[in-house]
């Protein structure tokens, strides 16, 4: 396996432990899933804090799993490490015989191990083969994407996954270059991207290749498709009182998380009924008011926390909590209806927000001060 490459500082570690504690520390054997195990910083802290908790750690990166296995060796009797992507969670739980889980953490994006390893091709600041696969045992590489995708497909990847304004120009430059010689190195690709972006735009927003490398990484690893499938499965697997915490590092991940949670925290019953229909009430409550950010002290100590967005939710017991929550939900919805076009408006009550808007769903959050 060799020496550990790079450093690993778990992002928002104390806040994650605080959010997961009520679910994992409620007595007896509890089950915690680390859906993105990485170098196991979060997992180690959870196992230390909760001596009765069993860990199921998932990662598609075999090198990360090897390091995690060494780090967690002292907990071996309550650890299951699985070579799997997080959208394979239902299959993993079935295979291990766990019908439900009590807590789950998604720490999304590229890991410290992958980013700091120069031979993996994730970093635009270091020259390396264009690989970018989190699981180096399967899948297409970034080199294959760059050298085989047609212009419309390449531009779409850069525009959608990288939110790159100059996606068309960069795609054109890549295609011109690959007609002369195959593009095989991260340094050459970064140079092409930089030269494709107008000089004024290069002076702001960090390294000009940052968005292109993000887009290629997401495409190579099918990250968003896997996340879109994994989030509902994870929520379904949680027992009553179970909690999910998600750490996102760009807007696309955060948007998928927000949508998945919004679907579970709203009543689906008709607005005008005096009581909630069975099975139509919220099944989760939010634990944070919108997306929480890292504080200044954490960002100073760990610059990779600068872009993090945390969202969390807890599964409700519909029999115990439905009525009180329904009353509050209906009150908010009636206030909202009063402010629709053609209806009256009373006092200075603000619009509680549209479905999926943070303002509308945050009322149920615990909140947190940084």
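Numbering (the UniProt record's numbering), first residue to last: 1 to 370. Don't be surprised by glycine CBs; every beta carbon is placed ideally from N, CA and C.
Residue environment analysis places residue 151 among the exposed positions, since fewer than 16 neighbouring C-beta atoms fall within 10 angstroms of its C-beta.
Within the segment 131-186, the complete alpha helix (DSSP H) segments of 4 residues or longer fall at 142-148, 151-162, 167-180, listed in chain order. For residue 82, the three-state secondary structure derived from DSSP is strand.
Residues of the same chain with their beta carbon placed closer than 7 Å to that of residue 263 are lacking, with the five preceding and five following residues left out of the count. Taking all protein chains shown into account, residue 36 has 16 or more neighbouring C-beta atoms within 10 Å of its C-beta and is therefore buried. Between residue 260 and residue 303 the beta-carbon gap is near 28 Å, outside 8 Å, which marks them as no contact. Within the DSSP secondary-structure output, residue 197 pairs in no beta bridge. One Cα belongs to residue 159, the other to residue 147, and the distance between them is close to 18 Å. In terms of Cα proximity to residue 240, the closest of 282, 229, 224 is 282. Shortest Cα-Cα distance from residue 173 to any of 188, 12, 29 involves 188. Within 10 angstroms of the beta-carbon of residue 62 lie fewer than 16 other beta-carbons, which makes it exposed. Distance from residue 47 to residue 72 at the Cβ level is roughly 7 Å; contact confirmed, criterion being Cβ atoms closer than 8 Å.
With the rule of 3 Cβ pairs closer than 8 Å, the segment 88-100 counts as touching the segment 17-37. Contact check for residue 142 against residue 132 passes: the beta carbons are separated by less than 7 Å. According to DSSP, residue 103 shares a beta bridge with 32, 243. Judged by pairs of C-beta atoms under 8 Å, the segment 285-296 touches the segment 310-317, as three or more such pairs exist. Annotation: the continuous beta strand (DSSP E) that includes residue 284 extends over 284-286.
Counted as a single uninterrupted DSSP element, the alpha helix (DSSP H) harbouring residue 62 occupies residues 62-71.
When 164, 126, 171 are compared, the shortest CA-CA separation from residue 149 is found for 171.
Looking from the CA of residue 127, the closest CA among 49, 85, 251, 190 belongs to 190.
Selection 165, 104, 84 evaluated against residue 22 yields 104 as nearest (Cα-Cα). For residue 312, the uninterrupted beta strand (DSSP E) run begins and ends at 309-315, by DSSP. By the neighbour-count definition (other C-beta atoms within 10 Å, threshold 16), residue 251 is an exposed residue. With respect to residue 294, residue 301 sits apart: the two C-beta atoms are not nearer than 7 Å. Under DSSP, residue 292 forms a beta bridge with 310.
With distances taken between CA atoms, residue 28 lies nearest to 51 out of 45, 51, 18. Beta-bridge partners of residue 238 (DSSP): 101.
Taking 8 Å as the upper bound for CB-CB distance, residue 130 and residue 197 are not in contact here, some 19 Å apart.
Selection 255, 138, 58 evaluated against residue 309 yields 255 as nearest (Cα-Cα).
Per DSSP, reduced to three states, the secondary structure at residue 206 is coil, with no helix or strand assignment. With respect to residue 290, residue 102 sits apart: the two C-beta atoms are not nearer than 7 Å.
Between residue 139 and the set 296, 249, 217, the nearest pair of CA atoms involves 217. Comparing alpha carbon positions, the residue from 246, 265, 317, 266 closest to residue 15 is 246.
A distance of 7 Å or more separates the beta carbons of residue 157 and residue 225. When secondary structure is reduced to three states using DSSP, residue 9 falls in the coil class, being assigned neither helix nor strand.
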